[in-house]
Amino acid sequence: MKKTGKDNEEYAIVLIDGVCHLCQGLTRFIIQRDPACHFRFASLQSELGQSLLEQGGLTPDGGDTMVLIEKGRYYTRSQGALRIARRLRFPWPLAYAMIIVPRPIRDRAYRIVAKNRYRWFGRSEACMIPTPDIRRRFLS
């Protein structure tokens with residue numbers, strides 16, 4: 003992954019469904035609880051998002067999962083979500099304890115929400131436009 007300029011730490015990339023209201027809300031949630039700016043964001047629908055999916059061997063037209071790319075490794079569904087939670091401000095790292103639940107069970111719950119996200123939360127015609135103060139966190 004690329005390095006940030008001032009602290010020279012690696013950052014992780016979160017690929018989200020840019021038109022999904024739930025995903026947009028989760029992006030804002032992560033940003034508010036990530037004071038170290040560990041995460042950067044890109045839309046799954048963007049050219050960069052599609053390219054990163056292909057590099058990771060994932061289906062570019064999937065869109066039913068968020069993807070975390072951390073230190074060159076790709077994490078999807080519940081595994082990605084839990085890895086994000088453990089990097090957020092307290093108390094969210096405690097959610098990582100859910101990693102002990104077998105992945106098929108966690109991913110089943112994730113898939114139910116993902117399948118119904120547009121119906122439950124809505125969708126936009128276009129990706130969200132970040133405010134100027136958080137624009138630097140978006141890669142595309």
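Letter by letter, the sequence shown follows residues 3 to 142 of the numbering used here.
Don't be surprised by glycine CBs; every beta carbon is placed ideally from N, CA and C.
This one's a predicted model, so the numbers in the text were calculated from it and none came from an experiment.
(Q) What does the Cβ neighbour count give for Glu72, buried or exposed, with the cut at 16 atoms within 10 Å? (A) buried
Q) From Leu17 to Pro93, what distance separates their C-alpha atoms? A) 23 Å
Q. In three-state DSSP terms, what is Ser80?
A. helix
Q | 8 Å contact criterion, which Tyr112 and Ser80 should meet: CB distance rounded | A | 5 Å
Q: Identify, in the order they occur along the chain, each residue of the same chain with its Cβ nearer than 6 Å to the Cβ of Gln47, setting aside the five sequence neighbours on each side.
A: Gly20
Q.
Given this structure, state the Cα-to-Cα distance separating Leu28 from Gln52, to the nearest angstrom.
A. 20 Å
Q | Under 7 Å between C-beta atoms of Tyr13 and His40 | A | yes
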